[in-house]
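1 is the number of the first residue of the sequence shown in the UniProt record's numbering; add one for each residue after it. Quick notes on the structure that follows.
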Amino acid sequence: MTPILIWLIAFAVVLTLLLKRWDASINRGLDGLLPAVLRSEDDRWVWCPALAVLVATAVVQPVDLLLTLIIIGVLALIGTKLAGWVVNKVQH
């Protein structure tokens, strides 16, 4: 029960901090990293919880973080390839 409670507290704290700092720093950093196809008006509500989950997981179980990062990396790779394929199909 204790790890779940620690995870929830870490998640809430990190999410709050990310949402408060979104316009000041995080949004600018992601704009440089993300291609235009992956940007939207509501990036805040996608990236802040995702980053909060990663940080909370790193606090509670760092080994699980590695697995989480691998899964996110594979999903990002598939999404990138799929987006490229869709853009290719639309252009032809």
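Note that the Cβ used here is the ideal one computed from N, Cα and C, for glycine as well. Note that the structure is a prediction, hence the values are computed from the model and not measured.
If the five residues before and after V55 are omitted, its C-beta is found closer than 7 Å to the C-beta atoms of A10 and V14, all from its own chain and listed in chain order. Sequence-distant Cβ neighbours of A83 in its own chain, meaning closer than 7 Å and more than five residues away, are V37. For V53, the uninterrupted alpha helix (DSSP H) run begins and ends at R44 to V60, by DSSP. In this structure, V60 lies near W7, with their beta-carbon atoms less than 8 Å apart.
DSSP places L8 in the helix class (H, G or I) of the three-state scheme.
Judged by beta-carbon spacing, D43 lies within the 8 Å limit of L30, meaning their Cβ atoms are closer than that value.
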